[in-house]
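Trainee: For reference, the structure I am asking about is given below.
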Amino acid sequence: MTQSNEPNDRRSDRQLRTINRRVNRLEDTQVTWGELNVEFDRLYDEIDEVKIEMTQLKTEMNQRFDTLSAELNGKIDIILRHITGSGNS
Numbered sequence: 041m042t043q044s045n046e047p048n049d050r051r052s053d054r055q056l057r058t059i060n061r062r063v064n065r066l067e068d069t070q071v072t073w074g075e076l077n078v079e080f081d082r083l084y085d086e087i088d089e090v091k092i093e094m095t096q097l098k099t100e101m102n103q104r105f106d107t108l109s110a111e112l113n114g115k116i117d118i119i120l121r122h123i124t125g126s127g128n129s
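The working numbering applies: residue 41 is where the sequence shown begins, and numbers increase by one.
So, in structure tokens, the structure goes:
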């Protein structure tokens, strides 16, 4: 009878060791609420910085497109005046 229980005991011991290792790993990776809050605050600050950079880049791009549009419109006006002859008074 002892022999029939021995494999089950080994399996149970192995399962308990496995569970114990998993619990130890979980305990090692636990983060306190304070640490979690600090990291989230840092993350939100970085997101805010990226939003500010994106807004600045968008503004810069809009200014460049406005400048380009004005230059193109000026050149088109010159070409149209040349074609229509209205610029040769």
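Don't be surprised by glycine CBs; every beta carbon is placed ideally from N, CA and C. A quick note: this is a predicted structure, and the numbers were derived from the prediction, not measured.
Under the three-state reduction of DSSP, which class applies to T69: helix, strand or coil?
Mentor: coil
Trainee: For R104 and A110, what's the separation of their Cα atoms in angstroms?
Mentor: 10 Å
Trainee: How big is the Cα-Cα spacing for I118 and S126?
Mentor: C-alpha separation (whole angstroms): 10 Å.
Trainee: Just how far apart, CA to CA, sit I123 and L108?
Mentor: Distance between the alpha carbons of I123 and L108: 22 Å.
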